[in-house]
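Trainee: Please find one structure pasted underneath; my questions will follow.
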Amino acid sequence: MSPEMVSRDITRGGEFLIKETAAADVFIPEEINEDQKMIVQMARDFIETKIFPNDTRIEIQEPGLAVELIEEAGELGLLGASIPEEYGGYGKDLVTAVFLTAATGDAGSLAVSMSAHTGIGTLPILYFGTEEQKKKYLPRLASGELKASYCLTEPGSGSDALAAKTTAVLSSDGKFWIINGQKMWITNGGFADIFIVFAKINGEQFSAFIVEAATAGVSRGEEEHKMGIKGSSTRQIFFEDVTIPLENLLGEPGKGHLIAFNILNIGRLKLSAATVGGGKRMSTVAIQHANQREQFKQPIAAFGAIKYKLAEQAIRLFAVESALYRTASDIENLKKDLLEEGKPYHEALMRAAEEYAIECALLKVQGSEMVDYVVDETVQIYGGIGFSEEYLPARAYRDARINRIFEGTNEINRLLSIDMLLKRALKGRLDLMSHATAIQKELMSVPEFSDDDDDDYAYEKKVLKNMKKALLMTAGAAVQKLSMSLENEQEIIMNAADMLGEIYISESFLLRVEKLQQLDINVSLYHSMLKVYLHDAVIRLEIAGRNAIESFADGDEMKMLLMGLKRYTKLEPFNCKVVRRNVAEKLCAENKYCF
Ligand SMILES: Cc1cc2nc3c(=O)[nH]c(=O)nc-3n(C[C@H](O)[C@H](O)[C@H](O)COP(=O)(O)OP(=O)(O)OC[C@H]3O[C@@H](n4cnc5c(N)ncnc54)[C@H](O)[C@@H]3O)c2cc1C
Numbered sequence: 053m054s055p056e057m058v059s060r061d062i063t064r065g066g067e068f069l070i071k072e073t074a075a076a077d078v079f080i081p082e083e084i085n086e087d088q089k090m091i092v093q094m095a096r097d098f099i100e101t102k103i104f105p106n107d108t109r110i111e112i113q114e115p116g117l118a119v120e121l122i123e124e125a126g127e128l129g130l131l132g133a134s135i136p137e138e139y140g141g142y143g144k145d146l147v148t149a150v151f152l153t154a155a156t157g158d159a160g161s162l163a164v165s166m167s168a169h170t171g172i173g174t175l176p177i178l179y180f181g182t183e184e185q186k187k188k189y190l191p192r193l194a195s196g197e198l199k200a201s202y203c204l205t206e207p208g209s210g211s212d213a214l215a216a217k218t219t220a221v222l223s224s225d226g227k228f229w230i231i232n233g234q235k236m237w238i239t240n241g242g243f244a245d246i247f248i249v250f251a252k253i254n255g256e257q258f259s260a261f262i263v264e265a266a267t268a269g270v271s272r273g274e275e276e277h278k279m280g281i282k283g284s285s286t287r288q289i290f291f292e293d294v295t296i297p298l299e300n301l302l303g304e305p306g307k308g309h310l311i312a313f314n315i316l317n318i319g320r321l322k323l324s325a326a327t328v329g330g331g332k333r334m335s336t337v338a339i340q341h342a343n344q345r346e347q348f349k350q351p352i353a354a355f356g357a358i359k360y361k362l363a364e365q366a367i368r369l370f371a372v373e374s375a376l377y378r379t380a381s382d383i384e385n386l387k388k389d390l391l392e393e394g395k396p397y398h399e400a401l402m403r404a405a406e407e408y409a410i411e412c413a414l415l416k417v418q419g420s421e422m423v424d425y426v427v428d429e430t431v432q433i434y435g436g437i438g439f440s441e442e443y444l445p446a447r448a449y450r451d452a453r454i455n456r457i458f459e460g461t462n463e464i465n466r467l468l469s470i471d472m473l474l475k476r477a478l479k480g481r482l483d484l485m486s487h488a489t490a491i492q493k494e495l496m497s498v499p500e501f502s503d504d505d506d507d508d509y510a511y512e513k514k515v516l517k518n519m520k521k522a523l524l525m526t527a528g529a530a531v532q533k534l535s536m537s538l539e540n541e542q543e544i545i546m547n548a549a550d551m552l553g554e555i556y557i558s559e560s561f562l563l564r565v566e567k568l569q570q571l572d573i574n575v576s577l578y579h580s581m582l583k584v585y586l587h588d589a590v591i592r593l594e595i596a597g598r599n600a601i602e603s604f605a606d607g608d609e610m611k612m613l614l615m616g617l618k619r620y621t622k623l624e625p626f627n628c629k630v631v632r633r634n635v636a637e638k639l640c641a642e643n644k645y646c647f
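Heads up, our numbering is the position in the sequence shown plus 52, with the first residue counted as 1.
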């Protein structure tokens with residue numbers, strides 16, 4: 053049977069909270085195929101020969117350099133992976149695109165420029181463009197001849213993107229759109245040829261348009277002076293009576309929000325791929341420094357305090373990476389199913405990405421916070437020179453920080469993940485209620501102590517099941533108590549989102565280790581890493597749950613919920629120190645990130 057023929061029990065978006073997924077049904081990065089390996093290698097060659105040696109020139113935005121490098125990437129085919137062959141691309145699937153994004157994720161500013169071009173700049177046309185728009189723009193975007201930008205944010209509207217003030221009105225002869233407004237923080241703003249511009253038709257219908265930069269009335273502001281990703285171009289873009297053809301409306305009038313938000317789902321997934329790629333380089337840099345730097349007559353890698361950091365970097369990276377490929381492949385598989393059902397290409401892609409929007413939001417948050425941890429500890433492992441601009445960690449530290457801000461801030465993504473979950477429950481798409489009710493009943497009963505499961509992962513599965521129960525119990529009680537006013541209690545929603553994130557990442561880690569074992573790979577170290585991750589994830593989940601419960605419940609209800617939380621966050625004692633030491637020793641022996 054070919055891999056495509058294997059029947060899968062699909063876990064739909066958000067369903068991971070109430071359903072068990074079989075390891076056989078998830079994709080793990082170790083399953084990379086030959087074609088994907090070749091693409092990754094090509095990307096690595098490009099980054100190592102063209103980007104790393106030019107880091108300093110890129111950082112000061114040497115005129116013309118970013119454009120030249122983006123065009124070279126285009127010639128190599130690195131910009132057209134997601135674009136179908138009929139439009140000049142390579143028609144690769146989402147999993148391959150994620151491998152590629154991760155492989156270029158350590159390219160700092162240039163990675164941001166390239167991903168703004170291939171992602172938010174190009175995908176609106178690919179997903180929502182008419183046949184004519186696709187034929188006109190996609191081949192030149194795939195080759196890098198045209199560079200693209202995405203203009204959503206304005207001085208007065210960032211997180212509240214739909215409050216945009218930019219307008220589009222029909223010309224008096226009805227033949228053109230006339231666009232007026234101002235956009236802010238536009239990546240690639242200094243050199244883009246194409247702008248995807250969000251504007252309100254007659255100040256009301258939020259819509260998207262393709263605006264060519266050469267059109268009269270389009271002007272660019274000065275480069276922003278940024279904390280990080282200094283080598284990427286970020287500018288304001290002004291539109292003054294910009295007249296564009298009618299056919300440059302993208303999608304339907306008044307449906308711009310579908311474009312803006314759906315594109316961001318894939319954007320968030322790819323952002324987490326970039327954090328994995330960037331994080332691996334910083335982990336390697338930290339390991340190499342720890343191996344060669346001596347203090348007290350020994351390499352600092354010999355110290356337990358440093359071993360802890362090296363191991364923790366690797367464990368957190370491995371965890372996010374597990375969830376990243378699981379989600380990418382879930383989206384890709386659903387897209388294929390929808391195509392088989394006869395759905396048009398763009399609809400299949402959009403619906404598949406929308407289905408896993410909760411997972412994409414969680415990945416964005418978890419990936420960006422993971423990479424911040426990794427770069428922060430790399431600076432620390434470097435000591436004083438970590439604080440020097442002459443060494444890589446300082447720049448990586450500054451560069452990483454943006455990930456928590458763009459593609460929807462982490463606060464907005466946390467809010468969204470819970471909002472989407474609850475809306476799906478209300479619409480009957482996710483049966484959260486009956487699970488929450490079953491847990492309430494269980495809380496009144498005597499706990500079961502039977503532990504006769506001979507599954508190698510019985511303990512981890514039980515821990516995970518309990519994590520899910522802890523969230524369902526906490527969120528269920530919060531919804532019951534606060535009902536509609538829950539939306540005014542953002543602190544509780546943040547707690548719930550943190551719990552949800554811990555669950556998704558932990559489960560993905562577990563499934564990856566199980567699948568590695570199914571593939572006959574020796575998993576003893578991975579299994580121990582999983583135990584360490586779960587150990588701390590449960591503790592973090594307990595803190596978030598406690599904060600939530602204590603802020604909405606009181607009296608007997610609070611006591612009962614806290615007892616429930618204790619029951620569902622019970623951990624067997626486990627010596628995490630020994631595992632972290634083993635992990636660090638393996639990393640130091642390999643002298644690089646090696647998982
Ligand atoms: C380097 C860089 C590149 C960028 N590239 C692009 C680009 O190419 N195209 C583009 O369109 N935009 C781009 N952006 C803009 C980016 O997407 C926005 O900065 C981001 O969405 C946040 O909007 P804001 O800056 O207006 O912050 P605000 O929305 O003002 O948010 C400020 C703070 O308030 C919080 N907040 C806001 N609303 C809520 C709420 N309802 N509940 C709780 N907390 C809330 C936020 O989480 C944040 O912490 C870029 C930004 C930067 C810095």
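Don't be surprised by glycine CBs; every beta carbon is placed ideally from N, CA and C.
1) Is the closest heavy atom of ligand 1 to the C-beta of I110 under 8 angstroms?
2) Compute the Euclidean distance between the alpha carbons of I91 and L152, then round it to the nearest angstrom.
3) For a quick check, are the C-beta atoms of G330 and D158 less than 9 angstroms apart?
4) Can you give me the start and stop residues for the beta strand (DSSP E) that P297 sits inside?
5) Below 8 angstroms, how does it come out for the region 332-348 and the region 280-295: are there three or more Cβ pairs, yes or no?
6) On the three-state DSSP scale, how would you describe A220?
7) Secondary structure at D273, three-state DSSP: helix, strand or coil?
8) Sorry if obvious, but does the Cβ on D471 come closer than 8 angstroms to a heavy atom of ligand 1?
9) From S560 to V590, what distance separates their C-alpha atoms?
10) When you compare only the Cα positions, how much space is there between I253 and H309?
11) Could you check how far apart the C-beta atoms of T218 and T286 are, in whole angstroms? I think they sit under 8 angstroms.
12) In whole angstroms, what separates the C-alpha of M53 from that of T63?
13) Helix or strand or just coil, what does DSSP make of I573?
14) In chain order, what residues of the same chain have a beta carbon less than 6 angstroms from the beta carbon of G141, not counting five sequence neighbours either side?
15) Using CA coordinates, which residue listed in D507, E494, G196 and S469 is at the minimum distance from M546?
16) Where do the N-terminal and C-terminal ends of the beta strand (DSSP E) with G356 fall, by residue?
17) Whole angstroms are fine: how far does the CA of A216 sit from the CA of F258?
18) Would you check whether ligand 1 has a heavy atom nearer than 8 angstroms to the C-beta of Q113?
19) When the Cα atoms are used, what is the spatial distance from N300 to F79?
20) Report whether the distance from the Cβ of M236 to the nearest heavy atom of ligand 1 is below 8 angstroms.
21) Taking F180 and L302 to be in contact with their CB atoms under 8 angstroms, please state how far apart those CB atoms are, rounded to whole angstroms.
22) Is the region 408-415 close to the region 423-433, with three or more CB pairs under 8 angstroms?
23) In the DSSP assignment, what residue or residues form a beta bridge with S209?
24) So M525 packs on S558, CB below 8 angstroms; how close in whole Å?
25) Give the DSSP-derived three-state secondary structure of M457 in the structure shown.
26) Tell me the residue span of the alpha helix (DSSP H) that contains G160.
27) Could you pull out every residue in the same chain whose Cβ sits closer than 8 angstroms to the Cβ of E275, ignoring the five residues on either side in sequence?
28) Can you find the residues in the same chain that come closer than 7 angstroms, C-beta to C-beta, to E373, ignoring five residues on each side of it along the sequence?
29) Reducing DSSP to helix, strand and coil, say where E652 ends up.
30) When DSSP labels each residue in this structure, what does F243 get in the three-state scheme?
31) Please go through the same chain and pick out, in chain order, the residues whose beta-carbon is closer than 7 angstroms to the beta-carbon of P499, but skip the five residues on each side of it.
32) Given a cut-off of 9 angstroms on the beta-carbon distance, is the pair A654 and V635 in contact?
33) Please say whether A380 and L34 have beta carbons closer to each other than 9 angstroms?
34) With DSSP collapsed to three states, give me the class of K616.
35) Looking at ligand 1, does it come within less than 8 angstroms of E276, judged from the CB to the closest heavy atom?
36) At a cut-off of 8 angstroms, is E256 close to ligand 1 when judged by its beta-carbon and the heavy atoms of the ligand?
Mentor: Let's see:
1) Working through the sequence shown from its first residue, we reach residue 110 at position 58. No; taking the cut-off as 8 angstroms, the Cβ of I110 has no heavy atom of ligand 1 nearer than that.
2) The residue given as residue 91 occupies position 39 in the sequence shown. The residue given as residue 152 occupies position 100 in the sequence shown. The straight-line gap from Cα to Cα measures roughly 7 angstroms.
3) Here the question's residue 330 lines up with position 278 in the sequence shown. Here the question's residue 158 lines up with position 106 in the sequence shown. The answer is yes: Cβ separation under 9 angstroms.
4) If you number the sequence shown from 1, residue 297 lands on position 245. P297 -> beta strand (DSSP E) spans T286 to P297.
5) With a cut-off of 8 angstroms on Cβ pairs, the region 332-348 is not in contact with the region 280-295, counting fewer than three such pairs.
6) Reading the sequence shown from its first residue, position 168 is the one you call residue 220. In the structure shown, A220 sits in a strand (DSSP, three-state: E or B).
7) For this step, residue 273 is matched to residue 221 along the sequence shown. Note on identity: in this sequence residue 273 is Gly, with Asp being the wrong assignment. In this structure, G273 counts as strand in the three-state DSSP scheme.
8) Taking the sequence shown and counting its residues from 1, the one referred to as residue 471 is at position 419. No, the beta carbon of D471 sits no closer than 8 angstroms to any heavy atom of ligand 1.
9) Working through the sequence shown from its first residue, we reach residue 560 at position 508. Working through the sequence shown from its first residue, we reach residue 590 at position 538. Those two C-alpha atoms are separated by around 15 angstroms.
10) Here the question's residue 253 lines up with position 201 in the sequence shown. Here the question's residue 309 lines up with position 257 in the sequence shown. Rounded to the nearest angstrom, the two C-alpha atoms are 13 angstroms apart.
11) Here residue 218 refers to the residue found at position 166 of the sequence shown. Here residue 286 refers to the residue found at position 234 of the sequence shown. Their Cβ separation, rounded to whole angstroms, is 18 angstroms, which puts T218 and T286 out of contact at 8 angstroms.
12) Here the question's residue 53 lines up with position 1 in the sequence shown. Here the question's residue 63 lines up with position 11 in the sequence shown. Interpretation of M53 is limited by its pLDDT of 37, a score under 50 that renders its predicted location unreliable; no figure is taken from the coordinates.
13) Counting from one through the sequence shown, the residue named residue 573 turns up at place 521. Three-state result, I573: coil.
14) Counting from one through the sequence shown, the residue named residue 141 turns up at place 89. Here the set comprises G132, I135 and A194.
15) Reading the sequence shown from its first residue, position 494 is the one you call residue 546. Measuring from the Cα of M546, the nearest candidate turns out to be S469.
16) Translated into positions along the sequence shown, residue 356 becomes position 304. No beta strand (DSSP E) holds G356; the alpha helix (DSSP H) holding it covers G356 to E392.
17) Mapped onto the sequence shown, residue 258 falls at position 206. Mapped onto the sequence shown, residue 216 falls at position 164. Looking at the two C-alpha atoms, the distance is approximately 8 angstroms.
18) Along the sequence shown, read from residue 1 onward, the residue named residue 113 stands at position 61. Q113: no, Cβ never under 8 angstroms from ligand 1.
19) Within the sequence shown, residue 300 is the residue found at index 248, counting from 1. Within the sequence shown, residue 79 is the residue found at index 27, counting from 1. Approximately 39 angstroms, taken between the alpha carbons.
20) Reading the sequence shown from its first residue, position 184 is the one you call residue 236. Yes, ligand 1 has a heavy atom inside 8 angstroms of this Cβ.
21) Along the sequence shown, read from residue 1 onward, the residue named residue 180 stands at position 128. Along the sequence shown, read from residue 1 onward, the residue named residue 302 stands at position 250. Indeed they touch by this definition, with Cβ atoms about 5 angstroms apart.
22) no
23) Locating residue 209 in the sequence shown gives position 157, counting from the first residue. For S209, which the question treats as bridged, DSSP gives the partners E206.
24) Here residue 525 corresponds to residue number 473 of the sequence shown, with the count starting at 1. Here residue 558 corresponds to residue number 506 of the sequence shown, with the count starting at 1. About 17 angstroms separates the two Cβ atoms, so there is no contact after all.
25) To locate residue 457, count along the sequence shown from 1; it is residue 405. Before going further, note that residue 457 is Ile rather than Met in the sequence given. Residue state, collapsed to three classes: coil.
26) Locating residue 160 in the sequence shown gives position 108, counting from the first residue. Element bounds for G160: G160 to A168.
27) Within the sequence shown, residue 275 is the residue found at index 223, counting from 1. The residues are Q113, G242, S285, T286 and R287.
28) On the sequence shown, position 321 is the one that residue 373 refers to. Beyond the five residues adjoining it in sequence on each side, E373 comes within less than 7 angstroms, by CB distance, of P81 and V328 in the same chain, given in chain order.
29) The question about residue 652 has no answer, for the chain in this structure spans 53 to 647.
30) Within the sequence shown, the letter at position 191 stands for residue 243. Three-state DSSP puts F243 in coil, outside helix and strand.
31) Position 447 of the sequence shown, counted from the first residue, corresponds to residue 499. Once the five neighbours on either side are set aside, the close Cβ partners of P499 are R619.
32) Nothing can be reported for residue 654: it is not among the residues displayed for the chain, which extend from 53 to 647.
33) Absent from the model: residue 34. The displayed extent of the chain is 53 to 647, so no value can be given.
34) Walking along the sequence shown from the start, residue 616 turns up at place 564. The question names Lys, yet the displayed sequence has Gly at residue 616. Helix, per DSSP.
35) The residue labelled residue 276 in the question sits at position 224 within the sequence shown. Checking every heavy atom of ligand 1 against the Cβ of E276, one is found closer than 8 angstroms.
36) The residue given as residue 256 occupies position 204 in the sequence shown. Incorrect: E256 has no Cβ contact closer than 8 angstroms to ligand 1.
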